[in-house]
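*Asks:* Could you have a look at this structure, given as structure tokens, before my questions?
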Amino acid sequence: MSVKIYIDGQEGTTGLKILERFEGRSDIELLRIDEEKRKDAAERGRLINMSDFTFLCLPDAAAREAVSLVENDHVRIIDASTAHRTNPDWAYGFPELSPEHREKIKGSKRVAVPGCYASGFNSIVYPLVKGGVIPEDYPVFAYATSGYSGAGKKAIAVYEGSEKPYEYNSPRQYALSQEHKHLPEMQAVSGLKYKPMFNPIICDYYSGMVVSVPLQTRTLSRDTSAESVHRTLAEHYRDAKMVQVMPLMSIEEQKSFFLASNTLSGVNKMQIFVFGNDEQILLCSRLDNLGKGASGAAVQCLNIMMGIDEAVGLV
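Under our numbering, think of the first position of the sequence shown as 6, with each following residue one higher.
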């Protein structure tokens, strides 16, 4: 027996990727909206209420409007916008963070898919705050490199167009005002008392990202080493299918190693690295901003909500 799925915003980058991940699945019946009616609230509402699951791949205001259109109690919503990520009434769609997160996703009718940068950040910081390695009032700084696909259709068109500005050939820092839309989510989910500083950098490649968090061990309140941090993270993700803590490298191994940001492009997995030494530790989370950071995470949540193998349809 198949479930009925509607994607509100199926022409956007995330919506199209979700559609790709449904190819060949016989347990899903896709509900499609006519192109000329895709902004028609009445038609959208009709399809939402016909569905068993609706994905929201929309701007925040439109996502909130879509939720208000739900009339049938059986409809379960998976929201890939920013609108509900810090709402405690919604399950946060990162099942590997804790058994409690997974159980809430499984039984919830409202799931908020994490942001791509926030996924990388929280994958590192949440276990360390929870484990007492990072105090909740610690002044956390993070930076990240990302492919341009996460910037949306207009930016993709500029990067891939024949008149691409010269500056677009270079990595570009943005959100310099420290008001990036993922910051509230990064703080709320990780358990930090204060908002972290965050420096995102968009680069001239299509997809994939690395989110990095440096730690100065002298500023931590207890004896902390690269090995102990690695052990904490490895234990936290010991049974995770989609998150892998990579082996700890020696200093000599690190000297000849380069961490590319696009390695997991097209793959719905995340890799966590611990670099540096016992005085200065660099934590890195590598993922595909369109995979584990967006559409892949959304489909993984759907699978969990359906009660099937969470990896179905995912690479």
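Beta carbons are placed, not taken as given, at the ideal position from N, Cα and C, and that holds for glycine. What you are looking at is a predicted structure, and each value in this text was computed from that prediction instead of being measured.
So the candidates are S167, I256, T19 and I12; which of them puts its Cα closest to the Cα of E40?
*Replies:* Here the question's residue 40 lines up with position 35 in the sequence shown. Taking only the C-alpha atoms, the option nearest E40 is I12.
*Asks:* Can you tell which of F58, K44 and R81 has the C-alpha that lies nearest to the C-alpha of A67?
*Replies:* The sequence position of residue 67 within the sequence shown is 62, counting from 1. Checked all of F58, K44 and R81; the closest Cα to A67 is K44.
*Asks:* In the structure shown, what three-state DSSP assignment does D65 receive?
*Replies:* To locate residue 65, count along the sequence shown from 1; it is residue 60. If DSSP states are grouped into helix, strand and coil, D65 belongs with the helices.
*Asks:* Kindly give me the distance between the Cβ atoms of I286 and A231, rounded to whole angstroms, as I take these residues to be in contact under 8 Å.
*Replies:* Taking the sequence shown and counting its residues from 1, one reaches residue 286 at position 281. Taking the sequence shown and counting its residues from 1, one reaches residue 231 at position 226. Yes, I286 and A231 are in contact; Cβ-Cβ is about 5 Å, under 8 Å.
*Asks:* So who's on the other strand from D13, going by DSSP bridges?
*Replies:* As a working note, residue 13 is residue 8 in the sequence shown. Answer by DSSP bridge pairing, in chain order: L61.
*Asks:* Which of helix, strand or coil does DSSP assign to R90?
*Replies:* Position 85 of the sequence shown, counted from the first residue, corresponds to residue 90. Of the three classes helix, strand and coil, the one that applies to R90 here is coil, per DSSP.
*Asks:* DSSP three-state call for G213: helix, strand or coil?
*Replies:* Here residue 213 corresponds to residue number 208 of the sequence shown, with the count starting at 1. If DSSP states are grouped into helix, strand and coil, G213 belongs with coil.
*Asks:* Let me confirm a value: Q192 is counted as buried when at least 16 other C-beta atoms fall within 10 Å, else exposed. Which label applies?
*Replies:* Within the sequence shown, numbered from 1, the residue matching residue 192 stands at position 187. With 16 or more other Cβ atoms within 10 Å, it is buried.
*Asks:* Ignore the nearest five residues each way along the sequence and tell me which others in Y131's own chain have a CB closer than 7 Å to its CB.
*Replies:* The residue given as residue 131 occupies position 126 in the sequence shown. Scanning its chain for C-beta atoms nearer than 7 Å, with the 5 sequence neighbours on each side dropped, one finds around Y131 the residues L102, V194, S195 and G196, in chain order.
*Asks:* Quick check: the region 214 to 230 against the region 277 to 292, are there 3 or more CB pairs under 8 Å?
*Replies:* Yes, they touch.
*Asks:* On the CB-based measure, 16 or more other CB atoms within 10 Å of its CB, does A299 come out buried or exposed?
*Replies:* Position 294 of the sequence shown, counting from 1, holds the residue named residue 299. Buried.
*Asks:* If I'm right that K159 touches T18 with Cβ under 8 Å, what's the distance once you round it to whole angstroms?
*Replies:* Position 154 of the sequence shown holds residue 159. Position 13 of the sequence shown holds residue 18. 11 Å between Cβ atoms; not a contact.
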